[in-house]
Each structure stands twice: as structure tokens, then as C-alpha cells.
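Chemist: In order, the protein sequences belong to chains A and B.
Quick note: the first sequence uses the working numbering, first residue 1, plus one each step.
Quick note: the second sequence uses the working numbering, first residue 1001, plus one each step.
Number of protein chains: 2
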Amino acid sequence: MKAARWHAKLDIRVEDIEIPHPGANEVVIKVKQAGICGTDIHDYMSGPHSIPVDKPDPLTGAVAPVTMGHELCGIVHELGSGVTDWKEGDRVVIAPLQNCGKCYFCKRGLHHLCVIQAGLGLQTKEGGFAEYCKVKEYQLRKMPDNMNWAQGAMVEPTCLAMYGIRRSGLEPGDTLLITGGGPIAVLNMMCAFVCGASRVYMTEKHPARIAKLLELGATEVFNVTECDALSEIMDRTEGLGVDIAVECTGSESGINLCFDSLRKRGMYIQSGLSLGEVKVSPWKWALKDLNMIGLWCCNPYDYDSVIKLVADKRIEVEKLITKTIKLDDIVTEGFEALARNKEKKEMKIHVIP
Amino acid sequence: MKAARWHAKLDIRVEDIEIPHPGANEVVIKVKQAGICGTDIHDYMSGPHSIPVDKPDPLTGAVAPVTMGHELCGIVHELGSGVTDWKEGDRVVIAPLQNCGKCYFCKRGLHHLCVIQAGLGLQTKEGGFAEYCKVKEYQLRKMPDNMNWAQGAMVEPTCLAMYGIRRSGLEPGDTLLITGGGPIAVLNMMCAFVCGASRVYMTEKHPARIAKLLELGATEVFNVTECDALSEIMDRTEGLGVDIAVECTGSESGINLCFDSLRKRGMYIQSGLSLGEVKVSPWKWALKDLNMIGLWCCNPYDYDSVIKLVADKRIEVEKLITKTIKLDDIVTEGFEALARNKEKKEMKIHVIP
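Shown next as C-alpha cells:
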């Protein structure tokens, strides 16, 4: 079968490899559609960040080259021994996290914090950018009949956004600021609205993306190169600030804009970005009596809720997909297109193996 | 009557002024005991920070000189019109916060976040370092018969600590790190234990205070000048980290030690200190899926709970008091003693007018 494998930074190859066979409690699925994530681009451009290269992954034993791709859906193709709740032909979405099931966090139901967690398509040999992909039975989620493949491959990033919105305790009518205009920022906006937000303000600097964000439903988008976003936000919130701020840029200016824009006892959400050190004023955290959360992605808890909302088009995730390409073209039309995406015309690119 | 009034930085004078009389819904109390807070020292040494000097306070109209002191208890001396629930001679603890009752936050029961809040003894003309003090009726809390004046004057700072512990969601058996060894750090330790914490580790560098912290019940105190506190904490938590970290130093090293010492999905508490900018890594917030809160002090919500716990000696707050002095001596024996407290031999100094 064909598979797009990460060998090294800037070296992803579409290769012909053996179709995997499932071990006990494993399932092989025929991949129908898979999305390229910012994390994939990060590992393509400057990796390895989380892909094991020198020593095998402690949970899975995987070492590069690995097949990438962790936003995927497909059809159950082959069942391993012990799998009794699924049958060939079942349509499934995959939750990418693998866990040990035994550590402090797994024992407390916090599997996404497993001390030796492994993400499919990063710390596993198999991934979604292939014709077939082997996963653990517990990674399967049933796709309802009214969900198409494009929607199915959007479930994983939508779960990441919904995880933050759920933990934020968003209340009806809440007003949000979301810094950044990428796919996770957009999905946060969509999840916030479906959960009862009244207004979602966003920041972005690329005109093409500003237009896209407005088309997708943002209340207003502030171009941080042209206006004082803080002043605009205060104008629109009677000087109080927003109820919730979701930080999706990872930049010092984005982070501090969120802290400055929040009302007292507001909620700050740090999306799971790979960041360096930034300067902040903890005094503001105290002065505003803030609640804050950091989000570790890849959580397996929001699938059931998100699948219903996506299938029923309550969250219109297909609108994010700007291009659907063939697996053969994944490097030039996928990774390179997103790496060169200076004008931010591409939002989400999907791959059909 | 005598009153210790802040005129300017390093200029607090014990002066003879008129005894205040209560207006409508106000009460004058005869002060029995009052504690000197770190905030008072901060305004004495380098103020004004929150004391109005150039224009009147928007809520109270006060402008310096103001009588300081906001940790106090006493006896009801005179009732203003409209006060029906109290009588002369009632023993009371004072909640120092005054609020407008009308703003966004007051309407939502978050009076301590009132947009024009005023703290007694800072933004009011009256304060606790005087023979008599005028307050609003809603600032009174009944002192039980088994509570003495020393305990009564310790209720306010204990409420600040309990506010953080309550919001942290501390669970039975939780392990804590508290950075810093001042009164608020100690009260956090005591509140954590009374709420079910198993072990409370603290950091401190002054030998006299390390001895005091151990005497007061800290599980262990790490001298940050002599050991690698992070490594010691990881040794004692099977490499996971602590469940809750309470940051009471305001220093970049203290803040980052807390983030580094927390387990995944742990709780970070930023105590309400006046801080400058510090460098932090928000990536750690995401990687650890953290919960974090900032604390605005002076909250009026924990008095009923704390009064019972203090009166019944479940929280032994009297042990923090290292000296009790006369109002006449407040500058030399109080403010100067705490300002010069390099060896940290003084913990909490109380004043009897």
C-alpha cells in the first residue's frame, strides 16, 4: 500500500509498504480521508519534535520512519483477536491517542495525560496518510450514517477545540476573544457559538484569512497591524473585557492581548502550542481574579458529543477545508502548500488515499 | 482618639483625631486588635500604591492622610440609622472591602471585583489602626464567644488563604508546594491541612523562618539556596509533581518552580502580589493541561467558614503572631520592625489601640 512517511525534516516520502495486520485488540481500517494538522507541518519543517528517531517510543516501540496523519476516518477492514464490538465495513472516526492504561493518570480517567502516551502518526509506526492504518480497538468511534468522510476527518481537531470550550465553563451569551485565525482558532469559534456564545472576536493580519473568518461566522476580526485590538474590544464590552479568551497564536503579543482583554474573573485558555518563553505580568492574573487553563490536545473524551454536532451540521466543519488532494501529491500539494502558506489562503487540506 | 495615619511614603503618624460618627447603615466599632499586613508595609516603604493622594477615591471620596489597618476586630460602639441587626457591645470581625453594589460584578455576587471597590484602611478615611473605626453594616461579621481578639484580627488574612484553597478544588490527600514563607504562605499551609491536604512542602531561605515553618506544621521546607527544590519535590512525589502549587513569592524563580513542580492537570494558584513582568513558558501550561487561578484578595465570602475554623482552633492562627504592640509604638515597633525584618524573625505583628 502507499503511505506518506516522515524520514527526517523536509523529507516525507510516499512509499510502497506492507499493509499492516492487526494484533490482539487491534483493528486495521481502510483510510477514507485524513487532514493535515499544524503539528504535522511543524515536524515537517523543523522536526523531529515528537517523532522518535534515536530510541524507540516507550509505549509503541516505534522509531522513524513513521507514517504521519492523525485526523482520519475510514472503514473497518480487518479485526484482530479479541475485538468483538466491531465488524468489517463499520464506518469509524479514529481518536489518535494511545495510552498505557496503567499509570497514575490512566487510572484516574485522564488517559490523554498518560505518562507514556503516544499519538497516532507521530509516535506510532502507522498513521492516517496511508491506504490502511492499524489502531487499537479503543481508538474507534462510530460514524453516524449522516456523517460524510470530510466531516469524519474533521472530528479530531474539533474535539481539541471543544475540549477547551467545555473546560472553560462557557455560559450562555458569553463574549470571546480568539487570537489567531488558523483552523484551531476557527473551530474554537464554531464550538463557542454552538455552546451559546453571543459574540466571538478574532485577531488576524492576513486579508485573505480575515475575509475567510468573517465568512465562517466571526463577529468581527481585528487586524492587529491596523488597529489597537484591545481598545476595540473594550469599546465593544462596555470597558469590562471579554468573558473568555482563547490564545491560538503562541506569541507574546497574542498572550498578553488575551490577558489584557479579559474581564475580571474571566477565563484564559492556552491552546496547546509549542511555545518558547514569553514575558507576562502575573499581577494581572491576581488583579483580575482570573481562571486559566492550559490544554493538552489529543483528548479522547469529546468524540461522542462532537460527532453528533458535526454530523448534524451544528458545527459546519467542512467549510474549513480549502483543498482535497491525493496521497501521491501530499508533499507538494499538502505539506509544501501549507509551509508556503504565507498569504494564509489555505485553511485545512484533506488527503484521500 | 489616636489613629495611625499614612501621610506619605515613610511618613505614618500617630495623631489625635475626632472619633468618627456613623452615617446611615454605618457602624462605629471600638477596635480591640488589628494586624499589620504586607500591603501596609508595601505602602509604607514605597507607596502610595493604592492610597488615593491626588484625587478622591471614586467610591469613598477619601484622600490621604488615611488611617491604615484592615485586619481588625472589635466591639460595636455606635449604630447609624437603619442598622437593625446589631447592637452596642456586639463582638465583630470586619471584612475590609467596600463596594458599590451596582456594577456588573456586584450584581453577580462578585463584590470583591467591584469596579470601584475600596479597601478599608487604604481607600477609606478610616482604618483599624485607631481606637475607633467606622465601617458599613455589611462589613460586620459576628465573633463567636469562643474567639479571642487575637484570633479575630487574624480572620481577614486567613480568608485570603482559604479563598485560594477553596477555589483550587483541593481533594483529600493532595500534596502541595507553597513558595515563600510569609504569613499568607503559612495560612495557606494551615488552610490546606484543615481541608484534607496530606503534605505541604514549602520553600524559604532564612533559617529562622525555616524553623518557624516547621514548628507551624510544614511537612518539609526546602532552602532554595542550598538544594534543588524541584528535584527534592519530584523525589517525594514519585516523579509526578505536586497536586497544587501556591505561589506566594512573586519572583520569577518562585513562579517557575511552581509550574515545574506541578503534576499534569495540577492547580496553580497565584496569590495576590504586586508583581512585575516575569518570563514563563506557556507551553508548560498546555503540556501539563494545567488549571490556574489568580487571586484577588479582600473577598467577603469566606468569613463564616473561617470564623468557625479559627474559633475552634482548627486553624491555629495565633501561632503566627510574633509580637503584640501598642498603637503608640506602631511605627517603630510595627512598620519599621517589619521593614527591617531581614532575618524574617517577625511573622505577624498585632496592634492593640
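C-beta atoms are modelled at their ideal positions from N, C-alpha and C, and glycine is treated no differently.
Note that this is a predicted model, so its numbers are computed, not measured.
Comparing alpha-carbon positions, which option in B:S1081, B:H1077, B:L1079, B:K1136 lies nearest I1094 (chain B)?
Modeler: Of B:S1081, B:H1077, B:L1079, B:K1136, the residue nearest in Cα terms is B:K1136.
Chemist: Would you say V155 (chain A) and Y303 (chain A) are within 8 angstroms of each other, going by their C-beta atoms?
Modeler: Taking 8 angstroms as the Cβ cut-off, V155 (chain A) and Y303 (chain A) qualify as a contacting pair.
Chemist: Does the stretch 1063-1071 of chain B come close enough to the stretch 1040-1052 of chain B that 3 or more CB-CB pairs lie under 8 angstroms?
Modeler: The answer is yes - the stretch 1063-1071 of chain B touches the stretch 1040-1052 of chain B, with three or more Cβ pairs under 8 angstroms.
Chemist: Sort out for me which residues DSSP pairs W1006 (chain B) with in a bridge.
Modeler: Looking at the DSSP assignment, W1006 (chain B) forms a beta bridge with B:I1012, B:V1066.
Chemist: Along the chain, where does the beta strand (DSSP E) that runs through Y268 (chain A) open and close?
Modeler: From DSSP, the beta strand (DSSP E) with Y268 (chain A) extends over 262-270.
Chemist: Out of A:E238, A:S231, A:G276, point me to the one whose CA is closest to C258 (chain A)'s CA.
Modeler: The shortest Cα separation from C258 (chain A) among A:E238, A:S231, A:G276 belongs to A:S231.
Chemist: From the DSSP output, read off the bridge partner residues of A118 (chain A).
Modeler: A118 (chain A) is bridged to A:Q98.
Chemist: What does DSSP give as the partner residues of I36 (chain A) in its beta bridges?
Modeler: DSSP output for I36 (chain A) lists no bridge partner at all.
Chemist: I'd like to check one pair, A1130 (chain B) with A1008 (chain B): are the Cβ atoms closer than 8 angstroms?
Modeler: Cβ distance not < 8 angstroms, so A1008 (chain B) and A1130 (chain B) don't count as in contact.
Chemist: Considering just the uninterrupted stretch of the beta strand (DSSP E) at N291 (chain A), what are its terminal residues?
Modeler: Per DSSP, N291 (chain A) belongs to the beta strand (DSSP E) from 291-294.
Chemist: Are the C-beta of G1294 (chain B) and some C-beta of chain A separated by less than 8 angstroms?
Modeler: Taking Cβ atoms only, chain A reaches closer than 8 angstroms to G1294 (chain B), which makes this a yes.
Chemist: So with CB distances below 9 angstroms, who are the chain B contacts of S281 (chain A)?
Modeler: Correct list: L1275, G1276, E1277, V1278.
Chemist: Give every residue of the same chain whose Cβ lies closer than 7 angstroms to the Cβ of A1192 (chain B), excluding the five residues on either side of it in the sequence, and list them in chain order.
Modeler: Within the same chain, A1192 (chain B) has close Cβ partners I1165, L1170, L1176, V1200.
Chemist: Does DSSP classify L1072 (chain B) as helix, strand or coil?
Modeler: Correct three-state label for L1072 (chain B): strand.
Chemist: Which residues does DSSP list as the beta-bridge partners of N223 (chain A)?
Modeler: Answer by DSSP bridge pairing, in chain order: A:E204.
Chemist: If we cut at 8 angstroms on Cβ distances, does R1340 (chain B) have a partner in chain A?
Modeler: No, no contact with chain A.
Chemist: Are any of the Cβ atoms in chain B nearer than 8 angstroms to that of W285 (chain A)?
Modeler: Yes, W285 (chain A) lies at the interface with chain B (some Cβ there is under 8 angstroms from its Cβ).
Chemist: Per the contact definition of three or more C-beta pairs closer than 8 angstroms, is the stretch 1303-1317 of chain B in contact with the stretch 1133-1153 of chain B?
Modeler: Because the criterion of three Cβ pairs below 8 angstroms is met, the stretch 1133-1153 of chain B and the stretch 1303-1317 of chain B touch.
Chemist: Once DSSP output is grouped into helix, strand and coil, what is the label at H1111 (chain B)?
Modeler: Note: H1111 (chain B) maps to helix in three-state DSSP.
Chemist: For the beta strand (DSSP E) that contains Y1132 (chain B), what are its first and last residues?
Modeler: It spans 1132-1136 - the beta strand (DSSP E) in which Y1132 (chain B) sits, taken as one unbroken run.
Chemist: Would you tell me roughly how many angstroms separate the C-alpha atoms of G1127 (chain B) and E1078 (chain B), rounded to the nearest one?
Modeler: If I take the Cα positions, the gap works out to 16 angstroms.
Chemist: For I178 (chain A), collect the residues of the same chain with a Cβ closer than 7 angstroms to its Cβ; drop the 5 residues on either side in sequence, then sort them by chain order.
Modeler: Once the five neighbours on either side are set aside, the close Cβ partners of I178 (chain A) are A185, N188, M189, V200, M202, V246, C248.
Chemist: Where DSSP assigns a beta bridge to T1124 (chain B), which residues make up the other side?
Modeler: DSSP output for T1124 (chain B) lists no bridge partner at all.
Chemist: Could you give the DSSP three-state label for K1319 (chain B): helix, strand or coil?
Modeler: Three-state result, K1319 (chain B): helix.
Chemist: Strictly under 8 angstroms for the Cβ-Cβ distance: is Y44 (chain A) near chain B by that measure?
Modeler: It does not; no Cβ of chain B falls within 8 angstroms.
Chemist: Under 8 angstroms Cβ to Cβ from E1346 (chain B), same chain only, skipping five residues before and after it: list those, please.
Modeler: Taken in chain order, the residues that qualify are T1322, K1323, A1337, L1338.
Chemist: Measure the CB-CB distance between K1264 (chain B) and L113 (chain A) and report whether it falls below 8 angstroms.
Modeler: Yes. Within cutoff.
Chemist: Quick one: is A1229 (chain B) buried, meaning 16 or more other Cβ sit within 10 Å of its Cβ, or exposed?
Modeler: Buried: at least 16 other Cβ atoms inside 10 Å.
Chemist: So what does V1194 (chain B) bridge to, in DSSP terms?
Modeler: DSSP lists no partner for V1194 (chain B).
Chemist: Which bits of chain A does K1288 (chain B) rub up against, with CB to CB less than 9 angstroms?
Modeler: L113, G294, W296, listed in chain order.
Chemist: Quick test of your reading: E252 (chain A) and V278 (chain A), contact by CB under 8 angstroms. State the CB separation rounded to the nearest angstrom.
Modeler: Indeed they touch by this definition, with Cβ atoms about 4 angstroms apart.
Chemist: State the Cα-Cα distance for the pair F105 (chain A) and G1241 (chain B), rounded to the nearest angstrom.
Modeler: Cα to Cα, F105 (chain A) sits roughly 12 angstroms from G1241 (chain B).
Chemist: May I ask you to report which of helix, strand or coil DSSP gives L1177 (chain B)?
Modeler: L1177 (chain B) falls in the strand class under three-state DSSP.
Chemist: Would P1172 (chain B) be called buried (16 or more neighbouring beta carbons within 10 Å of its own) or exposed?
Modeler: The residue in question, P1172 (chain B), is exposed, as its Cβ has fewer than 16 Cβ neighbours within 10 Å.
Chemist: Name the residue from B:G1196, B:V1221, B:G1217 whose alpha carbon lies nearest to the alpha carbon of P1207 (chain B).
Modeler: When only C-alpha atoms are compared, the closest one is B:V1221.
Chemist: Which term fits M45 (chain A), buried or exposed, when burial requires 16 or more other beta carbons within 10 angstroms of its beta carbon?
Modeler: With fewer than 16 Cβ atoms within 10 Å of its Cβ, M45 (chain A) is classed as exposed.
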